[in-house]
Amino acid sequence: MGLGETLLAGLLVMVLAVALLSNALVLLCCAYSSKLRTRASGVLLVNLSLGHLLLAALDMPFTLLGVMRGRPPSAPGACQAIGFLDTFLASNAALSVAALSADQWLAVGFPLRYAGRLRPRDAGLLLGCAWGQSLVFSVAALGCSWLGYSSAFASCSLRLPPEPERPRFAAFTATLHAMGFALPLAVLCLTSLRVHRVARSHCQRMDIVTMKALMLLADLHPSVRQRCLIQQKRRRHRATRKIGISIASFLICFAPYVVTRLAELVPFVTVNAHWGILSKCLTYSKAAVDPFTYSLLRRSFRQVLARMARRLLKRTPRPASTHNSSLDLASMVQQVLKRTPHPASTHSSSLDAENDSCLQQTH
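Residue numbers for the sequence shown follow the UniProt record's numbering, so the first one is 1 and each next one is one higher.
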């Protein structure tokens with residue numbers, strides 16, 4: 001095994017370890033907190049994390065062996081079964097990300113009607129459609145004997161058939177990536193654009209309310225005023241940063257592999273083995289990135305992780321601080337913010353929550 005294969009194997013081991021640990025944490029959080037798993041977004045997150053965990057446990061180790069040994073598994077039918085799982089789970093992961101972005105758009109764009117628009121049962125139906133589409137492509141590839149060991153990617157997945165079947169295989173591959181990559185990417189970009197517009201509108205209203213409150217409180221301590229202004233600037237860029245990370249991770253992880261697969265269909269193109277394995281590793285890295293992008297970095301999951309850690313260590317939470325002056329000042333600012341008339345009454349609850357979070361971070 002050369003230097004290139006050693007580096008790629010090390011990268012794959014790191015991705016495998018992070019994917020197993022992070023997705024297991026997401027599933028533990030959802031199992032521990034009934035509030036997380038009873039929401040529609042919780043159902044989608046459980047499906048995404050479970051698919052990533054299966055991919056890391058059942059598919060990545062065989063690709064790692066392929067990189068190290070340069071040959072497929074010796075058990076009869078094992079490579080076809082692994083290729084079936086690889087096609088099914090990769091397509092299902094992309095569709096689940098699209099469903100999560102649509103759920104986020106509904107939650108942000110229609111906060112008062114979100115519970116009635118997308119319930120856990122509706123999320124289950126949406127996931128059933130995603131499973132059905134992924135299953136159709138996987139069964140079709142298995143029935144046409146297009147699943148096997150691909151030396152260019154050192155993995156059990158789709159492989160080039162003999163020359164007479166190339167046109168059918170090319171049509172199948174193009175349709176697979178159109179439905180499993182282009183369509184989720186379009187949904188992700190469209191819903192993210194709408195979420196960004198709503199978030200920008202909310203930030204503008206929040207800026208107006210914050211500036212009015214700061215003007216009314218002339219005796220406010222300068223440090224509190226400065227921290228609120230800093231939080232106001234951070235809030236403006238928070239939505240853009242989160243949306244950019246989700247779209248960029250989707251493109252970086254999936255686009256190289258999809259482009260390489262499509263280029264492989266051209267007769268005079270030969271895929272370099274190192275590049276093919278690297279593109280496959282980037283696809284696997286989506287299983288390690290998604291738990292942080294959609295779950296573990298969110299406040300609700302961090303709170304559940306903190307409760308789980310305290311229960312494991314058998315520690316009680318610290319009592320509240322006794323800084324009466326700062327607490328009185330914070331409560332006074334909150335009362336002024338809540339009494340300030342708001343231009344859009346339908347979003348008052350979400351904006352008050354944003355103001356409270358700003359004031360809590362200052363203390």
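From the three backbone atoms N, C-alpha and C, an ideal C-beta is built for every residue, glycine too.
Just mark residue i as buried or exposed, buried being the case when its beta carbon has 16 or more other beta carbons within 10 Å.
{"i": "residue 248", "result": "exposed"}
{"i": "residue 60", "result": "buried"}
{"i": "residue 104", "result": "buried"}
{"i": "residue 259", "result": "exposed"}
{"i": "residue 309", "result": "exposed"}
{"i": "residue 291", "result": "buried"}
{"i": "residue 87", "result": "buried"}
{"i": "residue 124", "result": "exposed"}
{"i": "residue 9", "result": "buried"}
{"i": "residue 38", "result": "exposed"}
{"i": "residue 76", "result": "exposed"}
{"i": "residue 162", "result": "exposed"}
{"i": "residue 173", "result": "buried"}
{"i": "residue 244", "result": "exposed"}
{"i": "residue 306", "result": "exposed"}
{"i": "residue 34", "result": "exposed"}
{"i": "residue 167", "result": "exposed"}
{"i": "residue 106", "result": "buried"}
Could you compute how far the alpha carbon of residue i sits from the alpha carbon of residue j?
{"i": "residue 129", "j": "residue 25", "result": "26 Å"}
{"i": "residue 132", "j": "residue 227", "result": "50 Å"}
{"i": "residue 36", "j": "residue 30", "result": "5 Å"}
{"i": "residue 169", "j": "residue 160", "result": "8 Å"}
{"i": "residue 253", "j": "residue 2", "result": "25 Å"}
{"i": "residue 14", "j": "residue 56", "result": "11 Å"}
{"i": "residue 275", "j": "residue 304", "result": "40 Å"}
{"i": "residue 198", "j": "residue 298", "result": "19 Å"}
{"i": "residue 194", "j": "residue 250", "result": "18 Å"}
{"i": "residue 100", "j": "residue 301", "result": "16 Å"}
{"i": "residue 295", "j": "residue 164", "result": "46 Å"}
{"i": "residue 82", "j": "residue 63", "result": "10 Å"}
{"i": "residue 201", "j": "residue 242", "result": "16 Å"}
{"i": "residue 80", "j": "residue 145", "result": "8 Å"}
{"i": "residue 109", "j": "residue 127", "result": "22 Å"}
{"i": "residue 32", "j": "residue 186", "result": "34 Å"}
{"i": "residue 188", "j": "residue 137", "result": "22 Å"}
{"i": "residue 273", "j": "residue 257", "result": "12 Å"}
{"i": "residue 171", "j": "residue 12", "result": "30 Å"}
{"i": "residue 246", "j": "residue 196", "result": "12 Å"}
Identify the residues that DSSP records as bridge partners of residue i: which are they?
{"i": "residue 157", "result": "148"}
Taking 6 Å as the cut-off, is the CB of residue i close to at least one heavy atom of the ligand NAD?
{"i": "residue 253", "result": "Although the ligand NAD was asked about, the structure shown includes no ligands whatsoever."}
Our contact map puts residue i next to residue j with C-beta atoms below 8 Å; I'd like the distance itself, whole angstroms only.
{"i": "residue 5", "j": "residue 67", "result": "6 Å"}
{"i": "residue 48", "j": "residue 177", "result": "That belief does not hold up - the Cβ atoms of residue 48 and residue 177 are roughly 20 Å apart, past 8 Å."}
{"i": "residue 393", "j": "residue 102", "result": "Residue 393 lies beyond the stretch modelled for the chain, which goes from 1 to 363, so this question has no answer here."}
{"i": "residue 53", "j": "residue 20", "result": "7 Å"}
{"i": "residue 148", "j": "residue 89", "result": "17 Å between Cβ atoms; not a contact."}
{"i": "residue 85", "j": "residue 58", "result": "6 Å"}
Segment contact flag, the segment 277-286 with the segment 299-315, C-beta cutoff 8 Å, min 3 pairs: no
Inter-stretch contact at 8 Å, needing at least 3 Cβ pairs: the segment 285-301 / the segment 81-100: yes
Touch test, the segment 137-148 against the segment 38-55, Cβ-Cβ under 8 Å, three pairs minimum: no
The segment 148-168 touching the segment 66-84, judged by at least three CB pairs closer than 8 Å: yes
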